[in-house]
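For reference, the structure discussed in these notes is given below.
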Amino acid sequence: MNKRQKGQIYEEKAVDYLKDMGYKVLDRNVYTKFGELDLVAMDQETLVFIEVKYRSNGAYGHPAESVNYHKQKHIINSSKWYMMVKGYSQVNVRYDVCGWHQGQIKYYKGAFSYGS
């Protein structure tokens, strides 16, 4: 199984988790000139952009730690493009990270923001 296939499995698990939490998943794997948005969902009245990360071991830390400043900027720029194209304005926005490590999920609401 390659890295992309493994990523798709964990994104699917993240979708199930989000649905169980009451989120409405709007889009998956949205590609922009700034990068990819893994998941886009609504959490009540908040538009949420979710980065899904997986690591098989802890040699390099928890997967959520890999969402560094550089990656955050790509996600933020991609989210701005997404909102413009989809016509979202005057909406609450949040950036979450869903990390999978050794079969366990860690979900970070509001993991970063525009000012990060």
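Residue 121 in my numbering is what sits at position 110 of the sequence shown, and the numbering runs on without skipping anything.
Every residue gets a Cβ at the ideal spot worked out from N, C-alpha and C, and that includes glycine.
Small disclaimer: the values here were computed from a predicted structure and weren't measured.
Within the model, the alpha-carbon separation for residue 117 versus residue 64 is close to 10 Å. Under DSSP, residue 47 shares a beta bridge with 42. Residue 54 is bridged by DSSP to 57. Here residue 36 carries a strand assignment [DSSP, helix/strand/coil].
The criterion of a C-beta distance shorter than 8 Å is not satisfied by residue 48 and residue 87. Assigned with DSSP and collapsed to three states, residue 26 falls in helix. Excluding five sequence positions before and after residue 57, the CB atoms of its chain that fall closer than 6 Å to its own CB belong to 103, 105, given in chain order. If the five residues before and after residue 119 are omitted, its C-beta is found closer than 8 Å to the C-beta atoms of 75, 107, 108, 109, 110, all from its own chain and listed in chain order. Buried is the label assigned to residue 78, since at least 16 other Cβ atoms lie within 10 Å of its Cβ. Shown here, residue 115 sits in a strand according to DSSP, grouped into three states.
Proximity to residue 25 across 112, 44, 82 peaks at 112, based on C-alpha coordinates.
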